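> So for the sequence shown, our numbering puts the first residue at 24; every next one is plus one.
Please find one structure pasted underneath; my questions will follow.
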Amino acid sequence: MATTASAEASSRRTRPPMEHTLQNRVIGLGGAYQASSLVWSIAWEGRYEPASFAASLGSLFALQAESAEAVFGGLAGLRLGLEALIEALTKPAEHRVRETTRYVISLIHLERKLGRVPQNQTAIRSGIEQTQALLAHYEPTHINIVHRLAEIYRTAVSSLGPRILVRGEPAILQDADQAARIRAALLAGLRSTILWRQAGGRRWRLIVERRRGLEVARALLERARRETAGPD
24 MATTASAEAS SRRTRPPMEH TLQNRVIGLG GAYQASSLVW SIAWEGRYEP
74 ASFAASLGSL FALQAESAEA VFGGLAGLRL GLEALIEALT KPAEHRVRET
124 TRYVISLIHL ERKLGRVPQN QTAIRSGIEQ TQALLAHYEP THINIVHRLA
174 EIYRTAVSSL GPRILVRGEP AILQDADQAA RIRAALLAGL RSTILWRQAG
224 GRRWRLIVER RRGLEVARAL LERARRETAG PD
């Protein structure tokens, strides 16, 4: 799983840039909504969809993925995020939807700030690469991995300010493991906003591509559900 620094650098040089397509932007935005939905469910209910949490945390280690959907291990890993994105586009007034959208907007702002601080970008990548070595022994959702990812978020992202205000049940937010899961999910959401921007994502596109984006999200969700169901 580990690679030499030179091989890694060579891979980064030869990997083609992310295509600027609406589908890739929808996938990136869906990833951000998935992470934000996980934050909401953990903070308020103390639970999460295991498969979605695994796909989101796994996306942090897919630094050399060949496509946007491969970042999440296929569209099946993005089902929750596509559902949440469609809800945001069709039912924006619902309380839960407003909260998850607020997290997504905050992540987009943080991604812009991160882009202007190279040392924090380096710290995040280095921390993720070091954590990746633990995947030989643990699943991405193992609490040891979660705490490592949460620490990366705390030291390299929260310091950018202002911090994302997560609302939820006080007893859940004060639980160390649950707080770590929330921070790890936010780090995964940040990774998705980076993917969205690499695919040409801009805030103005969120408005002008709204209708077509909804159509693409619905088509991708159908594919995700078929992947989840498997062959007949």
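In this text, a Cβ means the ideal position worked out from N, Cα and C, and glycines have one as well.
Everything numeric in this text was worked out from a predicted model, so none of it was measured.
For Tyr56, which three-state DSSP category applies?
If you number the sequence shown from 1, residue 56 lands on position 33. Here Tyr56 sits in helix by DSSP.
> Counting beta carbon pairs with one atom in the stretch 124-131 and one in the stretch 75-89, are three or more of them shorter than 8 Å?
Because the criterion of three Cβ pairs below 8 Å is not met, the stretch 75-89 and the stretch 124-131 do not touch.
> Can you find at least 3 beta carbon pairs, one from the stretch 49-58 and one from the stretch 207-221, that sit closer than 8 Å?
With a cut-off of 8 Å, the stretch 207-221 and the stretch 49-58 count as touching, because enough Cβ pairs lie within range.
> With Val124 as the anchor, note down where its alpha helix (DSSP H) starts and where it stops.
Sequence index remark: in the sequence shown, residue 124 carries index 101 (1-based). For clarity, residue 124 is Thr in the given sequence; the question names Val instead. Looking at the DSSP string, the run of the alpha helix (DSSP H) that includes Thr124 is 118-137.
> Please give the ranges of any alpha helix (DSSP H) in the stretch 67-122, keeping only runs that are unbroken, at least 4 residues long and fully inside the region.
Whole alpha helix (DSSP H) segments, 4+ residues: 73-82, 102-113.
> Give a yes or no on whether the minimum CB-CB distance between Arg204 and chain C is below 9 Å.
Chain labels in this structure do not include chain C; a single protein chain is all it has.
> Should Asn47 go down as buried or exposed, given a rule of 16 or more other Cβ atoms within 10 Å for buried?
Translated into positions along the sequence shown, residue 47 becomes position 24. Label assigned to Asn47: buried.
> Sorted by chain position, which residues of the same chain lie with C-beta nearer than 6 Å to Thr124's C-beta, five sequence neighbours on each side aside?
Your numbering for residue 124 matches position 101 in the sequence shown. These residues qualify, in order along the chain: Ala111.
> Out of Ala146, Gln197, Met41, which has the shortest C-alpha to C-alpha gap to Gly69?
On the sequence shown, residue 69 is found 46 positions in, with the first residue counted as 1. Among Ala146, Gln197, Met41, the Cα nearest to that of Gly69 belongs to Gln197.
> Have a look at Ser169 and Ile195 and give me their C-alpha separation to the nearest angstrom.
For this step, residue 169 is matched to residue 146 along the sequence shown. For this step, residue 195 is matched to residue 172 along the sequence shown. The amino acid occupying residue 169 in the given sequence is Val; Ser does not appear at that position. C-alpha separation (whole angstroms): 16 Å.
> Is it buried or exposed, Glu238, if we count other Cβ atoms within 10 angstroms and call 16 or more buried?
If you number the sequence shown from 1, residue 238 lands on position 215. Answer is exposed; the Cβ neighbour count stays below 16.
> For Glu42, count neighbouring C-beta atoms within 10 Å of its own C-beta (all shown protein chains included) and say buried if the count is 16 or more, exposed if not.
By one-based count along the sequence shown, residue 42 stands at place 19. The residue is exposed, with fewer than 16 neighbouring Cβ atoms inside 10 Å.
> Identify whether Pro141 lies in helix, strand or coil by the three-state DSSP scheme.
Indexing the sequence shown from 1 puts residue 141 at position 118. In the structure shown, Pro141 sits in a helix (DSSP, three-state: H, G or I).
> Gly12: buried (16+ other C-beta within 10 angstroms of its C-beta) or exposed?
One cannot answer for residue 12 here, as it falls past the ends of the chain, which runs 24 to 255.
> Looking at Gln57: is its Cβ nearer than 9 Å to the Cβ of Ala107?
On the sequence shown, position 34 is the one that residue 57 refers to. On the sequence shown, position 84 is the one that residue 107 refers to. Cβ distance < 9 Å, so Gln57 and Ala107 count as in contact.
> Return the Cβ separation of Leu213 and Val180 in integer angstroms, given the expectation that the two are a contact with Cβ distance under 8 Å.
As a position in the sequence shown, residue 213 is number 190, starting the count at 1. As a position in the sequence shown, residue 180 is number 157, starting the count at 1. Rounded, the Cβ-Cβ distance is 6 Å, consistent with contact.
> Taking 7 Å as the limit between beta carbons, can you name the residues of its chain near Ala93, skipping five residues before and five after?
Residue numbering aside, residue 93 sits at position 70 when the sequence shown is read from its first letter. For Ala93, where only same-chain residues beyond five positions count, the Cβ hits under 7 Å are Ala85.
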